[in-house]
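Some notes on the structure that comes next.
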Amino acid sequence: MRITDWPDSERPREKLLSQGPGSLSDAELLAIFLRTGIPGRNAVDLARDLLAQHGGLRKLLGLSRQEFCRSPGLGTAKYAQLQAVLEMARRHLGENLKRGDVMSQPETVRRFLQSQLRDQPFEIFACLYLDNRHRVIEFRELFRGTIDQAAVHPREVVRNAIACNAAAVIFCHNHPSGIAEPSAADEVITCQLVQALALISVRVLDHLIVGDGICVSLAERGLLPAVCPPAGETHRG
C-alpha cells in the first residue's frame, strides 16, 4: 500500500509534524529521509528492509560510500545527502558546546566527542582547547593511529595550545574496539601531557575515552594526575 493511502496519523511526515520526531521509529525517520520507495516497496517498507539488512540505523549510517550505494533504493545522491545531514548534526552539537562553560555541561561534551570519534575505524587523539572561562576555543584532531594505537607527541600538544592561546584543555581519544576502559598507557601519556602543559600554565581538566555508547572520564575515575614524571614521546596501546 502506498503511504499516501495511509491515515494521516500513520504517515511518517504528518506524524512527525503533529507528535514530534521522538514519536517516530527508526524506520519512519529513515523513510522521511528516503522520500520514495522502489517498485513493490514503499519508503517505510524499504527503510525496514535496509535496517534489517545492515543491523540497525547506526550501522547503516556508518557505511562506506561503496557499501551504501550497493543497497537498493540508495545511491551517490542519497549518500551525499546523508553525509550532509550527519555533518550538520555534528556542527549543531559543536555550536551547543560553545555556549558557556563546558564544565557545566558534561553531557553535551560527551555527545559532541562521541559524534566525532565513536565510529572511526582507527584511533584518534584530539583536544578541546578552552579559554580561562572554560569556553571552547577550538576542537582539534591531533594524531591518528592504527586500529589499536596512536603516537602522541607532547610537544605538538603544547604547540597547538600556544597557537590557540588556551588556558585549559580536555583530551579525548577513541578505542575502536568499543571498550572505553583506560589502559595503563592511557594514564602514562596523560601524566606526560599534564607535565608538559604545566610548563606553560595550561590546565588539563579531563581526558575522555570514547567507546561504543560510553564515554569514560579519567577525572571522574580519579586518574587525572596532579604530579607526573618528565614529559616525552610515547605510544598508547
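Per this note's numbering, the sequence shown runs over residues 72 to 308.
Just so you know, even glycine gets a beta-carbon here, dropped at the ideal spot from N, CA and C.
| field | Straight-line Cα distance separating Val-156 from Ile-260 | value | Approximately 35 Å, taken between the alpha carbons.
| task | Count the other C-beta atoms from every protein chain shown that fall within 10 angstroms of the C-beta of Ser-80, then say buried if there are 16 or more, exposed otherwise. | result | Around the C-beta of Ser-80, fewer than 16 other C-beta atoms lie within 10 Å, and the residue is accordingly described as exposed.
| message | Helix, strand or coil, according to DSSP, for Asp-172 in the structure here? | response | In the three-state DSSP reduction, Asp-172 falls in the coil class, being neither helix nor strand.
| Just checking my contact of His-125 with Leu-134 at CB under 8 Å: how many whole Å lie between their CB atoms? | A Cβ-Cβ separation of about 7 Å places His-125 in contact with Leu-134 under the 8 Å criterion.
| Residue ranges of each alpha helix (DSSP H) run of no fewer than 4 residues wholly in the segment 207–250, ordered along the chain? | Segments of the alpha helix (DSSP H) lying fully in the segment 207–250: 225–235.
| field | For Glu-166, the nearest candidate out of Arg-182, Ile-250 and Val-281 (CA to CA) | value | Checked all of Arg-182, Ile-250 and Val-281; the closest Cα to Glu-166 is Arg-182.
| said: Between the alpha carbons of Pro-253 and Ala-160, how many angstroms are there, rounded? | reply: Taking the CA atoms as reference points, Pro-253 sits about 28 Å from Ala-160.
| Is the beta carbon of Ala-197 sitting closer than 8 Å to the one on Arg-211? | A contact, by the Cβ cut-off of 8 Å.
| query | How about Arg-73 and Asn-113: are their beta carbons less than 8 Å apart? | reply | A Cβ-Cβ contact shorter than 8 Å links Arg-73 with Asn-113.
| Selected residue, minimal CA-CA separation from Val-287, among Gly-93, Val-228, Val-180 and Leu-213 | The option with the nearest alpha carbon to Val-287 is Val-180.
| Would you call Gln-154 buried or exposed, if buried means 16 or more other Cβ atoms sit within 10 Å of its Cβ? | Gln-154 is classed as exposed because its beta carbon has fewer than 16 other beta carbons within 10 Å across all chains shown.
| query | Who are the near neighbours of Arg-274 in its chain, counting only those whose CB is closer than 6 Å to its CB and skipping five residues on each side? | reply | Same-chain partners within the cutoff: Ala-239.
| query | In terms of alpha-carbon separation, which member of Ser-96, Leu-289 and Leu-128 lies closest to Asp-257? | reply | Nearest Cα to Asp-257 within the set Ser-96, Leu-289 and Leu-128: Leu-289.
| task | Could you tell me how far apart the beta carbons of Lys-169 and Arg-206 are, in whole angstroms, since I believe they sit closer than 8 Å? | result | For Lys-169 against Arg-206, the beta-carbon gap comes to about 7 Å, under 8 Å, which counts as contact.
| query | Tyr-200: which of Ser-248, Leu-105 and Arg-230 sits nearest, CA to CA? | reply | Selection Ser-248, Leu-105 and Arg-230 evaluated against Tyr-200 yields Arg-230 as nearest (Cα-Cα).
| message | I'd like the span of the beta strand (DSSP E) that includes Ala-197, first residue to last. | response | Secondary structure note for Ala-197: its beta strand (DSSP E) is the uninterrupted segment 195–201.
| task | Check the C-beta distance from Ala-237 over to Ile-195 and give it rounded, since I have them as a contact under 8 Å. | result | Distance from Ala-237 to Ile-195 at the Cβ level is roughly 19 Å; contact not present, criterion being Cβ atoms closer than 8 Å.
| As assigned by DSSP and simplified to three states, the class of Ile-109 | Three-state result, Ile-109: strand.
| query | Thinking just about the alpha-carbon of each residue, which of Val-115, Ser-96 and Leu-95 is nearest to the one in Ala-102? | reply | For Ala-102, the nearest C-alpha among the options comes from Val-115.
| message | Per the DSSP calculation, His-278 is bridged to which residue(s)? | response | Bridge partners of His-278 according to DSSP: Phe-242.
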